[in-house]
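First the structure, in the form of structure tokens, and then the observations on it.
In this note's numbering, the protein residues as written are 13 to 434.
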């Protein structure tokens with residue numbers, strides 16, 4: 013995309029520009045924007061800038077000729093100067109309010125990240141106890157689930173956040189926690205009771221526990237599995253159920269999730285080839301979430317779908333195999349662009365969706381790529397408080413290297429929720 017330096021005397025409404033300043037050095041919400049009116053031009057000149065960066069391809073008009081005195085623009089009275097200063101003050105105050113909002117958002121995100129890591133550590137410890145101390149392991153799991161469900165039900169205004177990357181060796185824990193978190197949210201969106209949500213969460217946490225009995229070389233194999241290897245892998249629902257039955261306190265209502273999460277509505281699933289209403293309703297719900305996470309994180313990372321494409325794929329191509337009700341509900345719950353989606357905005361800037369509010373799905377929070385701002389201070393745009401919209405999703409692997417390094421799109425898309433105050 014071509015850009016040129018343009019003297020500020022040539023500015024006119026309709027030009028798309030970038031301010032050659034740090035984000036904190038001017039009152040506008042973004043460094044890149046299309047000039048709306050002459051008042052914005054006054055504010056830009058008031059910053060003492062001699063030139064801006066012009067993007068002709070994104071502009072609606074041509075700049076004014078150089079050295080052309082535009083008396084309507086350039087003549088300024090004392091009264092107008094006071095007005096311009098007042099407008100600048102208003103913008104600065106609004107920007108300061110947004111900066112405080114951003115700081116608060118980052119504090120909440122940090123707390124959410126800590127809660128996620130605590131839950132992950134507990135799940136790791138529980139999984140390691142299953143074989144030798146199943147009673148203790150399931151009691152610990154029930155305590156973890158109770159805490160998570162209590163947090164989930166305590167406040168209706170929930171925000172789903174993108175979490176940090178996984179360690180490759182711990183993919184199974186991230187997957188299990190991810191499926192549990194999204195299954196709980198889906199059950200809540202469906203209006204299920206607290207008791208049912210706990211049952212679903214417990215089943216989701218342990219749905220793949222039987223993979224402990226599958227050789228690591230099969231679990232991590234990138235090339236297609238041989239028939240014997242595939243058949244061995246298909247035993248993991250059976251193994252999960254066997255491990256659950258080692259502890260008398262594992263709830264009966266959660267066991268079908270372990271044994272049926274790979275059964276498909278058209279009868280093409282495994283291990284029993286159940287179909288339709290033969291499949292437990294809780295298992296149908298977890299199966300949708302499990303399929304979504306597996307599409308985002310297949311054995312071969314080269315075949316991974318971005319969150320937007322994974323949801324779209326389920327909705328368009330898998331309605332016959334998974335519950336249509338739960339697929340549609342998941343799309344409504346996650347938004348069209350779930351956290352982890354890299355997107356292009358209507359002003360052509362690129363960003364990454366890092367959280368969605370269940371009550372404002374059309375207005376996610378987006379981490380904006382802005383090379384004039386250090387990546388650790390990158391602005392987070394609340395789409396509801398801007399005039400921008402999302403135009404399309406982008407594949408992280410196709411991003412220019414500077415943008416990819418700046419946004420640091422996750423290799424593993426993990427989610428957790430926090431209760432948003434207010």
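Ideal placement from N, C-alpha and C gives every residue a C-beta, glycine not left out.
Just so we're clear, the structure is a prediction, and the values are computed from it rather than from any experiment.
For the region 209-222 and the region 245-263, state whether three or more C-beta atom pairs, one from each stretch, are separated by less than 8 Å.
yes
Tell me which same chain residues have a C-beta within less than 8 Å of the C-beta of residue 96, skipping the five on either side of it?
Start at 1 with the first residue of the chain shown, and residue 96 comes out as number 84. So the list reads 51, 54, 55, 58 and 88, once near-sequence residues are dropped.
Could you give the DSSP three-state label for residue 363: helix, strand or coil?
For the purposes of this step, residue 363 is identified with residue 351 of the chain shown, where counting begins at 1. Here residue 363 sits in strand by DSSP.
When the Cα atoms are used, what is the spatial distance from residue 84 to residue 103?
Mapped onto the chain shown, residue 84 falls at position 72. Mapped onto the chain shown, residue 103 falls at position 91. Interpretation of residue 84 is limited by its pLDDT of 49, a score under 50 that renders its predicted location unreliable; no figure is taken from the coordinates.
Is it right to say residue 386 is buried, meaning 16 or more other beta carbons lie within 10 angstroms of its own, or is it exposed?
The count along the chain shown starts at 1 and reaches residue 386 at position 374. Flag for residue 386 reads exposed.
Does the structure place the region 183-190 close enough to the region 330-345 that three or more beta carbon pairs sit under 8 Å?
The region 330-345 makes no contact with the region 183-190; the number of CB pairs closer than 8 Å stays below 3.
Go to residue 113, then tell me how far its alpha helix (DSSP H) extends in each direction, as first and last residue.
In the chain shown, the residue the question calls residue 113 occupies position 101. Looking at the DSSP string, the run of the alpha helix (DSSP H) that includes residue 113 is 90-141.
In the DSSP output, which residue or residues are listed as bridge partners for residue 174?
Numbered from 1 along the chain shown, position 162 holds the residue referred to as residue 174. Answer is 427, bridged to residue 174.
Ignore the nearest five residues each way along the sequence and tell me which others in residue 297's own chain have a CB closer than 8 Å to its CB.
Walking along the chain shown from the start, residue 297 turns up at place 285. The answer, listed in chain order, is 195, 198, 199, 202, 212, 335 and 338.
Count the C-beta pairs between the region 281-297 and the region 240-250 that are closer than 8 Å, then say yes if the count reaches three, no if not.
yes
Burial state of residue 305, where buried means 16 or more other Cβ atoms lie within 10 Å:
Along the chain shown, read from residue 1 onward, the residue named residue 305 stands at position 293. In summary, residue 305 is buried, with 16 or more beta-carbon neighbours lying within 10 Å of its beta-carbon over all protein chains present.
Any idea what DSSP makes of residue 210, helix, strand or coil?
Indexing the chain shown from 1 puts residue 210 at position 198. Here residue 210 sits in helix by DSSP.
Please list the terminal residues of the continuous alpha helix (DSSP H) segment that includes residue 404.
Residue mapping note: residue 404 aligns to position 392 of the chain shown, counting from 1. Careful: residue 404 lies outside any alpha helix (DSSP H), inside the beta strand (DSSP E) at 402-406.
Tell me, to the nearest whole angstrom, how far the beta carbon of residue 362 is from that of residue 381; I am working on the premise that it is less than 8 Å.
Here residue 362 is taken as the residue at index 350 of the chain shown, counted from 1. Here residue 381 is taken as the residue at index 369 of the chain shown, counted from 1. Rounded, the Cβ-Cβ distance is 5 Å, consistent with contact.
To which residues of the same chain is residue 76 closer than 8 Å at the C-beta, ignoring the five residues directly before and after it?
Mapped onto the chain shown, residue 76 falls at position 64. Same-chain partners within the cutoff: 21, 22, 23, 24 and 82.
Closest residue to residue 256 among 353, 143, 210 and 321 (Cα-Cα distance):
Within the chain shown, the letter at position 244 stands for residue 256. It is 143.
Would DSSP call residue 286 helix, strand or coil?
As a working mapping, residue 286 is identified with position 274 in the chain shown. Looking at residue 286 - three-state DSSP - the assignment turns out to be coil, as it is neither helix nor strand.
Looking at the strands, I want to know which residues DSSP matches up with residue 45.
Mapped onto the chain shown, residue 45 falls at position 33. Its beta-bridge partners are 29.
Nearest-angstrom Cα distance between residue 34 and residue 384?
Stepping through the chain shown from its first residue, residue 34 is reached at position 22. Stepping through the chain shown from its first residue, residue 384 is reached at position 372. For residue 34 and residue 384, the distance between alpha carbons rounds to 6 Å.
In whole angstroms, what is the alpha-carbon distance linking residue 274 and residue 112?
The sequence position of residue 274 within the chain shown is 262, counting from 1. The sequence position of residue 112 within the chain shown is 100, counting from 1. Their Cα atoms are separated by approximately 46 Å.
Suppose you measure from the CA of residue 389 to the CA of residue 117; what does that come to, to the nearest Å?
On the chain shown, position 377 is the one that residue 389 refers to. On the chain shown, position 105 is the one that residue 117 refers to. Spanning the two alpha carbons is a distance of roughly 13 Å.
Once you ignore the five residues that flank residue 393 on each side, which residues in its own chain have a CB closer than 6 Å to its CB?
Along the chain shown, one-based indexing puts residue 393 at 381. Result list for residue 393: 378 and 380, in chain order.
Nearest neighbour of residue 290, chosen from 276, 300, 343 and 299 [CA to CA]
Stepping through the chain shown from its first residue, residue 290 is reached at position 278. Of the candidates 276, 300, 343 and 299, the residue whose Cα lies closest to the Cα of residue 290 is 276.
Pair within 8 Å by beta-carbon distance, residue 317 and residue 308
To locate residue 317, count along the chain shown from 1; it is residue 305. To locate residue 308, count along the chain shown from 1; it is residue 296. Yes, the pair counts as a contact, with Cβ atoms nearer than the cut-off.
Are the region 409-428 and the region 165-178 touching, with three or more C-beta to C-beta distances below 8 Å?
As far as the Cβ criterion goes, the region 409-428 touches the region 165-178, which means the pair count is three or higher.
Only counting the same chain, and skipping five residues up and downstream in sequence, which positions put a Cβ closer than 8 Å to that of residue 224?
Position 212 of the chain shown, counted from the start, is the residue given in the question as residue 224. 139, 142, 143, 251 and 255, listed in sequence order.
Can you tell me whether DSSP reads residue 247 as helix, strand or coil?
What you label residue 247 is simply residue 235 of the chain shown in a count that begins at 1. Note: residue 247 maps to coil in three-state DSSP.
Which value, in whole angstroms, describes the spacing of the CA atoms of residue 373 and residue 79?
Taking the first residue of the chain shown as 1, we reach residue 373 at position 361. Taking the first residue of the chain shown as 1, we reach residue 79 at position 67. About 48 Å.
What whole-angstrom Cβ distance do residue 230 and residue 241 have, given they're in contact under 8 Å?
Within the chain shown, the letter at position 218 stands for residue 230. Within the chain shown, the letter at position 229 stands for residue 241. 5 Å between Cβ atoms; contact.
Give the straight-line distance between the Cα atoms of residue 272 and residue 295, rounded to the nearest whole angstrom.
Working through the chain shown from its first residue, we reach residue 272 at position 260. Working through the chain shown from its first residue, we reach residue 295 at position 283. Distance between the alpha carbons of residue 272 and residue 295 is about 6 Å.
Secondary structure of residue 193, DSSP reduced to three states
Numbered from its first residue, the chain shown carries residue 193 at position 181. Helix at residue 193.
Since I believe residue 421 is in contact with residue 364 (beta carbons under 8 Å), could you give me their beta-carbon distance rounded to a whole number of angstroms?
Here residue 364 refers to the residue found at position 352 of the chain shown. Here residue 421 refers to the residue found at position 409 of the chain shown. The Cβ separation is near 6 Å, so the contact holds.
Note down, one range per segment and in chain order, each alpha helix (DSSP H) of at least 4 residues found wholly within the region 246-327.
248-256, 267-272 and 293-308
Cβ-heavy atom distance between residue 215 and the ligand SAH below 7 Å?
With respect to the ligand SAH, the structure offers nothing, as it holds no ligand at all.
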